[in-house]
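Colleague: Chains as they are written, first to last, in the working numbering: chain G, 223 to 507; chain Y, -18 to 133.
From the three backbone atoms N, C-alpha and C, an ideal C-beta is built for every residue, glycine too.
I'd like to ask you about the structure that follows.
See the structure below:
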């Protein structure tokens, strides 16, 4: 489907069309999915791209495929649809909690998984922490082919991706993780989080932590894991209070970013409470 | 270049740039001034319209992405000049203050109460987290919506 409008927007009907249009425009072109970040660029004083390729109506990018060993989420699946389709599906409790509490209902109906991952300037993005905990991979396509990279790697390179590259899906391996997510807002709801903690833990038959991932969002420029705390928790029983206490001793792992919503030190200071809540949520998942 | 749109059941054509936010086309080109252009970053909800029945902040929607989906604005709620049940209950409870946020609130609640006609106060409040009222008149809005939910 093409837009009958001018030359600033082309609505692609398929991934192939989108890739061809992006390749054609090179550095001037960029994908447009939910638009909740791109449409705000003028207000932030940042320029929009000269040309956008609309990908939000491509059926393949709007599909969620739940398999026995993995879940494939199309890049244009909105937060609302993710919640509707993956609620109760292991190991997605933490991811569903993050998507279901982001921003407001209207925004959740527009903002997409791929867009949230690509928004490098948005430190408070809700989905990177749970996706880091789930060992998710990002599927990238261009006219040169298909590539899958770990979400951690994607977050590191997303600002410098080759022109013509399109995020087409997120793939989550289905492992027996208990997952939880906790975020702190300055208002009760409808706000960006000051800090987010996501946790995924695999317990052995003895009930002790065999494997664990903890990721922190909104505290620094980009979400990242907390390896030292993960190491401290391995081999222990997963207890929310204990996890919070151990987090207190590992706070020097982060340097909080200052923002108008909260100073950097505060973002770091609230992490133990969020670790405690995320662990409690995981234990109830 | 023209962009065809379906607004309140009518086929319209916009001549604005395809990246133009829908709110600007509704207000400036078609004189549908019910939706308000306020924060322009999807935070306050004053510009909410329905697109294929889903409440959507029209400040973040370029017209070129709408395609053949149907847009409904607050002007469509009083079909045939008769207020909708939600509008009636809002009038009964004397809810309206300055009116800036109110069209967006009506659009969100119309959709929400259609899906959850027996919603309780907490659910109604949760549905309205994306609608900021500068007059802070939230309680009467929730009172009215809850009263309508009790009637249904």
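So, for residue 241(G): in the same chain, excluding its five sequence neighbours on each side, which residues have a beta-carbon less than 8 Å away from its beta-carbon?
Modeller: Only 363, 364, 365, 386 and 388 meet the Cβ criterion.
Colleague: Would you say residue 66(Y) faces chain G, with C-beta separation under 8 Å as the test?
Modeller: Judged by the 8 Å Cβ criterion, residue 66(Y) is not in contact with chain G.
Colleague: Going by C-alpha distance, which of 461(G), 244(G), 296(G) and 434(G) is nearest residue 384(G)?
Modeller: The residue with the shortest Cα to Cα distance from residue 384(G) is 244(G).
Colleague: Which value, in whole angstroms, describes the spacing of the CA atoms of residue 226(G) and residue -6(Y)?
Modeller: The predicted model places residue 226(G) with a pLDDT of 41, which falls under 50 and marks its position as unreliable; any figure quoted below should be read in that light. Whole-angstrom Cα-Cα distance: 11 Å.
Colleague: Listing by chain order, which chain Y residues have their CB less than 9 Å from the CB of residue 507(G)?
Modeller: Under the 9 Å cutoff, chain Y gives no residues; its nearest Cβ is about 21 Å from residue 507(G).
Colleague: Closer than 8 Å by beta-carbon distance: list the chain G residues that pair up with residue 108(Y), in chain order.
Modeller: Simply 327.
Colleague: Of all the beta strand (DSSP E) runs that stay within the bounds of the segment 336 to 400 of chain G, which reach a length of 3 or more residues?
Modeller: Within the segment 336 to 400 of chain G, the complete beta strand (DSSP E) runs of at least 3 residues are 359 to 364, 367 to 372 and 388 to 395.
Colleague: With a cut-off of 8 Å, does the C-beta of residue 41(Y) fall near any C-beta of chain G?
Modeller: Closer than 8 Å: yes.
Colleague: Give me the Cβ distance between residue 39(Y) and residue 25(Y), rounded to the nearest whole Å; I'm assuming they're in contact under 8 Å.
Modeller: Incorrect: roughly 12 Å between the Cβ atoms, too far for contact.
Colleague: Where does the unbroken alpha helix (DSSP H) through residue 84(Y) begin, and where does it stop?
Modeller: Segment 83 to 96, the alpha helix (DSSP H) holding residue 84(Y).
Colleague: With C-beta atoms as the reference, is residue 43(Y) less than 8 Å away from residue 231(G)?
Modeller: Their beta carbons are under 8 Å apart, which means residue 43(Y) touches residue 231(G) by this criterion.
Colleague: Excluding sequence positions up to five away, which residues of its chain have a Cβ less than 6 Å from the Cβ of residue 329(G)?
Modeller: For residue 329(G), where only same-chain residues beyond five positions count, the Cβ hits under 6 Å are 258.
Colleague: If I measure Cβ to Cβ from residue 104(Y) and keep anything under 7 Å in the same chain, skipping five residues before and after, which residues do I get?
Modeller: Closer than 7 Å at the Cβ level, and outside the excluded window around residue 104(Y), lie 97.
Colleague: Which residue wins for smallest C-alpha separation from residue 439(G), given the options 472(G), 462(G) and 479(G)?
Modeller: Considering only alpha carbons, the answer is 479(G).
Colleague: Does the structure place the segment 104 to 115 of chain Y close enough to the segment 80 to 91 of chain Y that three or more beta carbon pairs sit under 8 Å?
Modeller: The answer is yes - the segment 104 to 115 of chain Y touches the segment 80 to 91 of chain Y, with three or more Cβ pairs under 8 Å.
Colleague: Counting only beta-carbon atoms, is residue 405(G) nearer than 8 Å to chain Y?
Modeller: With 8 Å as the cut-off, residue 405(G) does not count as an interface residue toward chain Y.
Colleague: Where do the N-terminal and C-terminal ends of the alpha helix (DSSP H) with residue 460(G) fall, by residue?
Modeller: Unbroken run through residue 460(G): none, as it is neither H nor E.
Colleague: Report the partner residues of residue -5(Y) according to the DSSP bridge assignment.
Modeller: Residue -5(Y) pairs with -16(Y).
Colleague: Does the Cβ of residue 224(G) have 16 or more other Cβ atoms within 10 Å, making it buried, or fewer, making it exposed?
Modeller: With a pLDDT of only 45 at residue 224(G), under the threshold of 50, the placement of this residue in the model should not be trusted; the figure read from the coordinates follows. So residue 224(G) counts as exposed.
Colleague: In angstroms with no decimal places, state the Cα-to-Cα distance between residue 12(Y) and residue -13(Y).
Modeller: If I take the Cα positions, the gap works out to 15 Å.
Colleague: Taking the Cβ atom as the reference point for each residue, do residue 421(G) and residue 436(G) lie within a distance shorter than 8 Å?
Modeller: Closer than 8 Å, so yes.
Colleague: Can you tell me which of 301(G), 433(G) and 307(G) puts its alpha carbon nearest to the alpha carbon of residue 322(G)?
Modeller: Comparing Cα-Cα distances from residue 322(G) to each of 301(G), 433(G) and 307(G), the minimum goes to 301(G).
Colleague: What are the start and end residues of the alpha helix (DSSP H) that includes residue 110(Y)?
Modeller: Residue 110(Y) -> no alpha helix (DSSP H), and no H or E assigned at all.
Colleague: Could you tell me if residue 59(Y) is buried or exposed, where buried requires 16 or more neighbouring beta carbons within 10 angstroms of its beta carbon?
Modeller: The residue is exposed, with fewer than 16 neighbouring Cβ atoms inside 10 Å.
Colleague: Leaving out the 5 sequence neighbours to the left and right, which residues in its chain are closer than 7 Å to residue 4(Y) when beta-carbon positions are compared?
Modeller: Answer for residue 4(Y): 16, 18, 28, 39 and 40, listed in chain order.
Colleague: Return helix, strand or coil for residue 287(G), following the three-state DSSP convention.
Modeller: Residue 287(G) falls in the strand class under three-state DSSP.
Colleague: Based on the DSSP secondary-structure assignment, which residues constitute the bridge partners of residue 252(G)?
Modeller: DSSP output for residue 252(G) lists 274(G) as bridge partner(s).
Colleague: Between the Cα of residue 444(G) and the Cα atoms of 279(G), 292(G) and 381(G), which residue gives the shortest distance?
Modeller: It is 381(G).
Colleague: Taking the alpha helix (DSSP H) that residue 71(Y) falls in, what are its first and last residues?
Modeller: Per DSSP, residue 71(Y) belongs to the alpha helix (DSSP H) from 66 to 73.
Colleague: Quick check on the DSSP output: the beta strand (DSSP E) that includes residue 51(Y) runs from which residue to which?
Modeller: Residues 51 to 53.
Colleague: Of all the CB atoms in chain G, is at least one closer than 8 Å to the CB of residue 15(Y)?
Modeller: Chain G, which has no Cβ nearer than 8 Å to the Cβ of residue 15(Y), makes this no.
Colleague: Under a Cβ-count criterion, where at least 16 other Cβ atoms within 10 Å of its own Cβ denotes burial, should residue -8(Y) be classed as buried or exposed?
Modeller: Classification for residue -8(Y): exposed.
Colleague: Tell me whether residue 308(G) sits in a helix, a strand or coil according to DSSP, three-state version.
Modeller: Residue 308(G): helix per DSSP, three-state reduction.
Colleague: Under DSSP, the beta strand (DSSP E) around residue 36(Y) begins and ends at which residues?
Modeller: Run containing residue 36(Y): 35 to 38, per the beta strand (DSSP E) assignment.
Colleague: For residue 21(Y), return the contacting residues in chain G, with the cut-off set at a CB-CB distance below 9 Å.
Modeller: The contacting residues are 261, 262, 264 and 265.
Colleague: Since residue 38(Y) meets chain G, which of its residues come closer than 8 Å, beta carbon to beta carbon?
Modeller: Result: 328, 329 and 332.
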